[in-house]
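The next block holds one structure in the form of structure tokens; read it before the comments.
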Amino acid sequence: MTKYKIKVCQGKACSGNMSRYTLERAQNESESSPEDFVVETCPCQDNCDFGPTVVIEDIKANTEKKYSHMTAVEMGKFFRTHHKDS
Ligand code: FES
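First residue of the sequence shown: 106, per my numbering; consecutive thereafter.
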């Protein structure tokens, strides 16, 4: 069952901040446990000055959190810390 839905902003400002690399990293990382993660794109999240912006929905907790400055490296850190969640 999906644990996290990861939405990577592909709006103009975030795209200019290389959010495509964040998206690629999320897609690559999620391949190792596709049952846990869903990765998709989303439009502008009104957080343009702090992009790349990623919104992560914790399905089990029914919460959603907006992350700023979510570079590919930061995206990788998220997966490192959430892969072994139960
Ligand atoms: S373009 Fe990503 S928050 Fe606006």
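Idealized CB from N, CA, C, for every residue including glycine.
Item	Value
Boundaries of the beta strand (DSSP E) in which threonine 211 is found, first to last residue	In the structure as shown, the chain starts at 106 and stops at 191, and residue 211 therefore has no counterpart that could be examined.
Minimum length 4: unbroken alpha helix (DSSP H) runs contained in the region 111 to 137	117 to 121 and 124 to 135
Threonine 158 Cβ short of 7 Å to the ligand FES heavy atom set	yes
Given glutamine 132 as reference, the closest of Thr186, Met180 and His187 once Cα atoms are compared	Met180
Boundaries of the alpha helix (DSSP H) in which glutamate 179 is found, first to last residue	177 to 187
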